[in-house]
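Residue numbers (my numbering): 152 to 277.
Below, the structure is given as structure tokens:
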């Protein structure tokens, strides 16, 4: 990853850690929220019949909250100097769209709106 950003590894690691104490606390809170929301996707399946509309609504709301918290977590991390559209994922394999790039921000908003539309259609279609 240091080759992509043309930075030494030590500087790359230093830039990925938030220096502000408040940001570190919020970063931990978003991590906990992501875990709880991820587990929350399975709760409706356990406690409700899979055919009930409440399951779909709970899973849709949970998915939207999961996307919002993940976006908030990304903005708590320090920005890299690069404004490329595709950046390597910080966790896992592959590439991600850089929301700090203007086109990447538009693409992320469109994906978010698309997910909301698909979830609403799935919930309210008979």
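Built from N, CA and C at the ideal position, the CB exists for glycine as well. If you're wondering where the values come from, they're calculated on a predicted model, not measured in any experiment.
Reference residue i; option with closest CA among the options
i: residue 175; options: 217, 208, 194 and 227; result: 227
i: residue 217; options: 267, 274 and 251; result: 267
i: residue 269; options: 173, 207, 189 and 188; result: 207
i: residue 276; options: 239, 204, 250 and 192; result: 204
Buried or exposed (CB count within 10 angstroms, at least 16 for buried), residue i
i: residue 220; result: buried
i: residue 111; result: Any question about residue 111 goes unanswered here, given that the chain covers just 152 to 277.
i: residue 213; result: buried
i: residue 254; result: exposed
i: residue 188; result: buried
CA-to-CA distance, residue j to residue i, given in whole angstroms
i: residue 215; j: residue 234; result: 27 angstroms
i: residue 257; j: residue 271; result: 21 angstroms
i: residue 223; j: residue 181; result: 8 angstroms
i: residue 209; j: residue 262; result: 20 angstroms
i: residue 249; j: residue 240; result: 10 angstroms
i: residue 195; j: residue 238; result: 35 angstroms
i: residue 211; j: residue 264; result: 13 angstroms
i: residue 197; j: residue 184; result: 20 angstroms
As assigned by DSSP and simplified to three states, the class of residue i
i: residue 199; result: coil
i: residue 239; result: strand
i: residue 211; result: helix
Chain B contact for residue i (CB, 9 angstroms cutoff)
i: residue 267; result: The displayed structure is made up of one protein chain only, and chain B is not part of it.
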